[in-house]
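Colleague: Counting from 1, position 145 in the sequence shown corresponds to residue 145 in full-length UniProt numbering; the numbering is continuous, with no gaps.
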Amino acid sequence: MAKLDLVMFEEEYKQLQEIIGRLQVDSSSKVVFLVDKNGQQIAASGDVRSIDATSLASLTAGNVAATDGLAKLIGEKEFSLLFHEGEKDNLHISIVGKRGILVVIFDQSSSLALVRLRVKKSSRELAEIFEKVEQRAQATADESSSFESPFSEITDEDIDKLFGD
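(1) Within a Cβ cutoff of 8 angstroms, which residues of the same chain sit near T54, ignoring the five residues on either side of it in sequence?
(2) Opposite N38 in the DSSP bridges: which residues?
(3) Count the C-beta pairs between the stretch 71-79 and the stretch 117-135 that are closer than 8 angstroms, then say yes if the count reaches three, no if not.
(4) Hey, quick one: how far does the alpha helix (DSSP H) through V64 stretch, first residue to last?
(5) Do you know offhand how far Q15's Cα is from G100's?
(6) Report back the beta-carbon spacing between T60 and V96 to the nearest angstrom; my notes put them in contact at under 8 angstroms.
(7) Tell me the residue span of the beta strand (DSSP E) that contains residue 201.
(8) Can you tell me where the beta strand (DSSP E) with F163 in it begins and where it stops?
(9) Going along the chain, which residues of its own chain have a beta-carbon closer than 8 angstroms to the beta-carbon of A2, five neighbours each way excluded?
(10) In whole angstroms, what separates the C-alpha of V7 from that of A43?
(11) State the DSSP-derived secondary structure class of K9, mapped to helix, strand or coil.
(12) Could you tell me which residues DSSP pairs with S94 in its beta bridges?
(13) For G46, which beta-bridge partners are listed by DSSP?
(14) CA-CA distance, S58 and D68?
(15) Which class does Q24 belong to by DSSP, given the choice of helix, strand or coil?
(16) Out of E76, G46, Y13, point me to the one whose CA is closest to V31's CA.
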């Protein structure tokens, strides 16, 4: 099945932003990004000025895609969680629903256990919002596919007659 184009309303965006804002505070993380699997940033919370958000979003999506390839090589459906540990900062990357990627950047003032606990709860809430958006997109696609163009009944012969060929 082809992926539908999703349109998010302002209310849904605000809900997503609220959830990741709460996650950023509750997990004592520096920054939280919500990215789609195409590499587009959806929302962010925390000190985002110090990070190239566009590059982070696209590299994260690429990282998830590459990891999906690795998972398939060993017979797994996907790896839903990635963790990268650095000298100062750590990255916790998790898949949310079918389309989202949650990126949490944290340092020693937090812990992996706390981040994982808070991400688990937030991921459920985010997935519910994505599901609503997906259902609305599917309903819209179903409505538009049942729409029949007024030109569908015109044949090549009708066009020839109209233009005198």
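Every residue, glycine too, gets a C-beta built ideally from N, C-alpha and C.
These numbers come from a predicted model, not from an experiment.
Modeller: According to the structure shown:
(1) On the sequence shown, position 54 is the one that residue 54 refers to. Counting only Cβ-Cβ distances below 8 angstroms, and skipping sequence neighbours, we find Q41.
(2) Walking along the sequence shown from the start, residue 38 turns up at place 38. Paired residue(s): none; N38 is not in a bridge.
(3) no
(4) As a position in the sequence shown, residue 64 is number 64, starting the count at 1. Segment 53-73, the alpha helix (DSSP H) holding V64.
(5) As a first step, residue 15 is located in the sequence shown; it is residue number 15 there, counting from the start. As a first step, residue 100 is located in the sequence shown; it is residue number 100 there, counting from the start. Each residue's alpha carbon lies about 14 angstroms from the other.
(6) Within the sequence shown, the letter at position 60 stands for residue 60. Within the sequence shown, the letter at position 96 stands for residue 96. Contact flag wrong, Cβ pair sits at about 12 angstroms.
(7) The structure shown does not extend to residue 201, since the chain is modelled only from 1 through 165, so no value can be given for it.
(8) Residue 163 sits at position 163 when you count from the first residue of the sequence shown. Element bounds for F163: not the beta strand (DSSP E) but the alpha helix (DSSP H), 156-163.
(9) Against the sequence shown, residue 2 aligns to sequence position 2. Residue placement at A2 is poorly supported in this model, since its pLDDT is 46, which falls under 50; the coordinates are not used for a value here.
(10) The residue given as residue 7 occupies position 7 in the sequence shown. The residue given as residue 43 occupies position 43 in the sequence shown. Each residue's Cα considered, the two are about 14 angstroms apart.
(11) Here the question's residue 9 lines up with position 9 in the sequence shown. Here residue 9 turns out to be Phe, not Lys, going by the sequence shown. If DSSP states are grouped into helix, strand and coil, F9 belongs with coil.
(12) Numbered from 1 along the sequence shown, position 94 holds the residue referred to as residue 94. Paired residue(s): L81, L102.
(13) Your numbering for residue 46 matches position 46 in the sequence shown. Answer is V31.
(14) Position 58 of the sequence shown holds residue 58. Position 68 of the sequence shown holds residue 68. Cα to Cα, the separation comes out at about 15 angstroms.
(15) Residue 24 sits at position 24 when you count from the first residue of the sequence shown. Note: Q24 maps to helix in three-state DSSP.
(16) Against the sequence shown, residue 31 aligns to sequence position 31. Of the candidates E76, G46, Y13, the one whose C-alpha sits nearest the C-alpha of V31 is G46.
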